[in-house]
Amino acid sequence: MASYAISDIHRSYKSAQKIAVQCLAEAAGGAECTTLSGNDLVRQAKRIVAETRGKQVPRNINNIVRLFGYVIAGRRECSAWYRQKAERFDSETEKDSSHDKFRSILEIVVEHLRQLCGEGDPLAKIAKLGKQQTSKPKSSDPAVQENVLINIFEALADNDTLPEAITADTITGTPVLAATSVPEYELQPQEGDDEFALWCFFEECHNIRICLSTTWRSYQAGKLSVTVASDVTDKAFQLIHLSSDDFAISYPHLATFPKVARHLRLEATINAGKMEDFRCKKGIETHSTKAVDTADVLCISGYIELELLRAMGTPYGTKDPTPDQVAHALNARRSSAASHPFTQRFVHAVGGLLNIRQQLLEYLDHGGDVDTFCVDVLSFMIHKELPLYCVVDYQICMDIVDIIGDSRFSEIQRILKMKMRVMSCMTVYEDKAPRLLDYDIFPDESKTSSIREQCKRQIKHGFENPYKDPCPGSMIWQNIPLLGSTLLQLPVTCGWLTNMLQTEIYADGVVSCNNANIVLAVAHLYTACKNAKVITGRYEDLEFVIETQSIKKLGLLPLGSDVSVETSARLFDSVLGAKKKQRNRVRHKMDAGSRMPLPDFKQVQEQTAHKFWPTSAYFDSLASARRKTARGDDRYDTPAMMRTALLCLAETLLQDPAAKPDEAIKHQWETTKSLTPSQLLAVLRDSLAADELRRCFDHHALLCECANLLARLKKRGHVLIGMLREKRGLSRNFLGYEMVSDILWQAAEKQDQSPAALKSHTLLGAVSAIFQNVIDDPSQGSKLLRRAEVDAKILRCDAAATKVDPTPADLSSLEGMKMMLQGDTFQFETKSDDGGEMQSSEEPDEAQADGEVEDKLLQSKGMELMQSYMEGMLPSMGVPRDLWE
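Going by UniProt numbering, the first residue of the sequence shown is number 1, and it counts up by one from there.
Here is the structure:
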């Protein structure tokens with residue numbers, strides 16, 4: 001078995017089965033062989049009953065019965081899923097013997113052991129849950145769903161988190177699996193295990209699809225940004241990929257979807273865009289619309305659409321086409337082969353991806369980053385392998401397009417607006433920085449950074465035009481040669497790229513706040529003024545950054561604390577690296593004249609290098625996950641690390657008293673200390689949504705404001721500060737943070753005076769006047785927060801202006817399109833444009849010219865939209881033309 005479970009459902013099932021088999025073998029006094037058959041279980045159960053007559057009942061009998069009951073319920077649900085159509089419509093009564101045989105054995109074991117159970121039936125709750133599952137169809141409620149097996153196995157998701165009823169209080173004595181004196185027993189593989197694992201995999205993926213559908217509906221309703229929806233979707237793709245790879249290792253005969261289709265003997269027909277009929281294994285069939293349930297869980301529509309792409313991308317008479325031939329064939333056939341709206345969009349996009357495949361693959365080989373969907377599906381188009389994750393990914397994208405409709409220009413507008421925001425932010429900041437250097441506020445600091453340079457290169461070359469010089473070793477999407485027409489077609493890719501660009505400028509802005517301790521110094525000045533009660537009101541922009549960066553990390557006391565100015569001065573010096581003085585034993589307070597000198601500039605920079613750091617709940621959890629692995633060479637972006645990070649995120653958020661998680665998720669975590677993948681994604685979605693304002697906040701602008709404030713202070717008080725420093729034997733020349741320390745200590749000498757006296761007779765009073773002017777001006781104190789709120793809103797859909805018809809706008813394009821699946825064999829037929837003969841997938845197509853014209857028109861439309869945004873909006877924002885031309 002692979003290192004990662006195929007799914008939480010499968011892991012729960014295996015955990016329950018393993019523990020039950022171990023307990024049964026121990027209760028029976030052991031066995032000759034550690035690998036047990038089904039018949040061995042029956043013999044052990046009979047032996048326990050026979051040897052217990054008139055004696056004390058062995059430990060854990062109730063729990064053994066309960067655990068085997070869980071396993072039986074899982075097998076029963078799986079069997080019902082494979083043959084649900086036969087049970088509902090009485091068209092077929094043949095049972096799935098592979099599941100029934102093993103289930104019958106376990107039922108015999110349970111019937112024997114139930115004779116020894118005391119009062120109360122340990123299977124009553126399980127029977128009730130099983131009955132509820134089989135009598136009700138799967139809900140489509142947008143809330144996070146819990147599969148019945150997750151409920152049944154909720155406390156068995158991990159061997160380390162067994163339910164309280166089955167751990168310390170009931171399974172006592174010899175540990176179940178850990179004792180060295182007791183052998184570990186296991187059940188030999190049973191017939192039907194592979195089909196059960198397959199069912200677990202697709203059931204888990206279906207739950208993830210429900211979660212993602214909820215996410216994109218929230219985006220469509222204007223409740224979530226495209227960056228959050230795309231980021232959650234991309235991480236879902238990674239979880240599915242991880243699970244699919246482990247399934248392929250465990251069951252190589254079902255490693256690809258064609259093998260699954262052949263094994264299950266799938267038969268399906270999609271006519272004019274609708275599932276016409278579906279058969280799954282042993283002749284079980286139906287023509288009712290309810291039959292789509294199983295087909296939908298198996299992602300049959302996604303598989304058929306990918307097979308259509310394979311057929312369309314294979315030139316007539318060519319077995320192993322080159323990528324160029326694939327792109328050529330897709331362009332030639334797309335005008336005559338209409339199918340799902342996403343496939344129509346993807347065909348337009350994939351040509352651009354294949355045309356730049358060499359640069360893209362080189363970029364990925366050097367550690368570059370790109371969204372998971374592009375990597376997975378591009379690999380399929382080139383290598384023609386069709387793993388399970390590729391089908392599920394494609395089905396998810398089909399689901400998304402069904403929800404958002406033809407909104408391609410909506411997503412591209414958001415990435416363009418984000419691009420303009422970044423350009424404006426960088427331009428204004430880099431324009432102001434040189435002027436601030438004149439005041440020696442930025443000593444030895446560069447006005448640019450590597451991340452900002454990456455942003456500029458990305459903005460200039462990354463979206464509209466191919467850029468064929470990928471940067472080796474870069475882990476951030478920069479210089480990726482994706483055409484604008486490609487982004488128009490792929491909403492997840494477009495949103496993912498928008499998120500990466502937003503992340504880059506956010507990270508650069510926060511890290512820039514460490515420059516010469518400008519923001520740190522102003523934060524301490526502001527806190528000292530608030531605590532000394534020399535200002536009223538709130539400087540909301542500065543308080544927002546203090547709160548999001550943590551007052552403890554910045555060495556601050558809570559605003560409004562009843563502390564002296566001297567305490568504020570000592571706290572600031574301590575943050576800069578000054579050593580603490582011992583208290584005067586008589587007065588029990590610090591001596592005012594015993595101020596310690598500040599370290600030199602280099603030491604201060606080392607001490608405060610990371611006071612401001614780009615944080616979010618998820619990335620903090622990712623760092624925590626990396627530490628827990630104790631493997632410092634692990635990449636941050638591996639799916640396994642990402643899943644561990646999601647668990648750390650859930651642990652952090654669900655233990656926060658201020659958090660308001662979904663009640664089902666909260667109960668699941670409190671019971672098991674584990675969550676299903678769909679629940680982890682729901683927690684991530686809520687966490688990312690809560691971080692939207694922080695990521696949209698312009699930290700560069702706040703740094704400029706703080707630097708300007710210190711520059712004004714220096715200009716106004718440099719003579720007085722120079723005199724104060726000269727009295728202490730220091731140079732009259734000083735840096736920004738040294739000036740702040742001097743201001744605080746001058747006020748500390750007069751701290752016994754009233755707030756009014758502090759305002760009138762100290763430099764802290766001059767500082768308070770500046771702060772008060774900012775606070776009192778409605779256009780100043782909270783302007784960055786208001787701008788962040790506007791930017792966050794831009795990344796969301798305008799629900800009032802967006803009305804989507806879930807059906808394709810042009811249904812006539814699907815008339816005559818018929819796709820047929822039989823096992824791993826696929827064929828499609830389509831009528832010609834004039835309604836004549838059907839065209840088969842085995843016949844050549846001569847529609848290349850029409851396809852090329854359509855592609856050029858669409859690409860031109862996308863370029864015109866981009867150009868209009870640039871020419872219409874950027875000049876008014878003060879962005880130089882040479883930055884974006």
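Note that beta-carbon positions come from the ideal geometry of N, C-alpha and C, so glycine has one too.
Would the region 100-112 and the region 186-193 be scored as touching if the rule is three or more Cβ pairs under 8 Å?
yes
Starting from the Cα of S568, find the closest Cα among L239, S741, A769 and S301 and give me that residue.
S741
Would you call the CB atoms of L653 and V232 closer than 7 Å?
no
Taking N733 as part of the beta strand (DSSP E), name the residues at either end of that continuous run.
From DSSP, N733 is part of no beta strand (DSSP E); its letter is neither H nor E.
Spatial neighbours of A788 within its chain, please: CB distance less than 6 Å, with the 5 preceding and 5 following residues excluded, ordered by chain position.
L693, C696 and F697
Rounded to whole angstroms, what is the Cα-Cα separation between C513 and I770?
20 Å
Check for me: the alpha helix (DSSP H) holding F278 runs from which residue to which?
Counting along the chain, F278 falls outside any alpha helix (DSSP H), though it belongs to the beta strand (DSSP E) covering K274 to C280.
Reference F202, options M426, T372, E184 and Q395, closest by Cα:
Q395
Is L720 near the ligand HEM, in the sense that its beta carbon is under 6 Å from a heavy atom of that ligand?
The ligand HEM is absent from the structure shown, which contains no ligands of any kind.
By alpha-carbon positions, which one of L785, A658, L680 and P657 ends up nearest to A664?
L680
For I535 versus Q772, is the C-beta distance shorter than 7 Å?
yes
Can you say whether N531 is buried or exposed, counting buried as having 16 or more other CB atoms within 10 angstroms of its CB?
buried
May I have a chain-ordered list of the alpha helix (DSSP H) segments no shorter than 4 residues that lie completely inside the region 493-563?
518-531 and 540-549
Alpha carbon to alpha carbon, how far is E51 from T256? Give it in angstroms, no decimals.
49 Å
Pick helix, strand or coil for L388, following the three-state DSSP scheme.
helix
Contact under 7 Å by Cβ, K611 with L554:
yes
Taking all protein chains shown into account, do 16 or more other C-beta atoms lie within 10 angstroms of the C-beta of G462, making it buried, or fewer, making it exposed?
Note that G462 has pLDDT 41, beneath the 50 cutoff, so the model's placement of it is unreliable and the number below is only indicative. The residue in question, G462, is buried, as its Cβ has 16 or more Cβ neighbours within 10 Å.
E749 (DSSP reduced to helix, strand or coil)
coil
For L758, which residues in the same chain have their Cβ closer than 7 Å to its Cβ, ignoring the five residues on either side in sequence?
A532, V534, A747, K750, L764 and G765
Starting from the C-beta of R114, find all residues in its chain whose C-beta is less than 7 Å away, skip the five residues before and the five after it, and write them out in chain order.
V65
At least 3 beta-carbon pairs within less than 8 Å: the region 12-22 vs the region 67-76:
yes
Count the other CB atoms, across all protein chains shown, that sit within 10 Å of the CB of G29; report buried if there are 16 or more and exposed otherwise.
exposed
Just to confirm before moving on: does the CB-CB distance between Y539 and G781 stay below 7 Å?
yes
Would you call I19 buried or exposed, if buried means 16 or more other Cβ atoms sit within 10 Å of its Cβ?
buried
Roughly how many angstroms lie between the CA atoms of D8 and A578, to the nearest whole one?
52 Å
Please classify E705: is it buried, with 16 or more other beta-carbons within 10 angstroms of its beta-carbon, or exposed?
buried
Taking DSSP as the reference, what is the three-state secondary structure of L149?
Reliability fails at L149, whose pLDDT of 41 lies under 50, so the model's placement of it is uncertain and no value is given.
What residue range is occupied by the uninterrupted alpha helix (DSSP H) comprising A645?
P639 to L654
Our contact map puts L306 next to F380 with C-beta atoms below 8 Å; I'd like the distance itself, whole angstroms only.
7 Å
Taking the C-alpha atoms as reference points, what is the distance between T527 and R728?
26 Å
Measuring alpha carbon to alpha carbon, tell me which of D296, L212 and S621 ends up nearest A268.
D296
Looking at the unbroken alpha helix (DSSP H) that takes in L703, where does it start and where does it end?
H699 to K727
For T35: DSSP bridge partner residues
E186
Using DSSP bridges, identify the partner residues of R796.
S225
Mapping DSSP to helix, strand and coil, what is R585?
Unreliable positioning characterises R585 in this predicted model, as indicated by a pLDDT of 38, which lies under 50. A coordinate reading is not provided.
Under the rule that 16 or more other beta-carbon atoms within 10 Å means buried, what is P597, buried or exposed?
exposed
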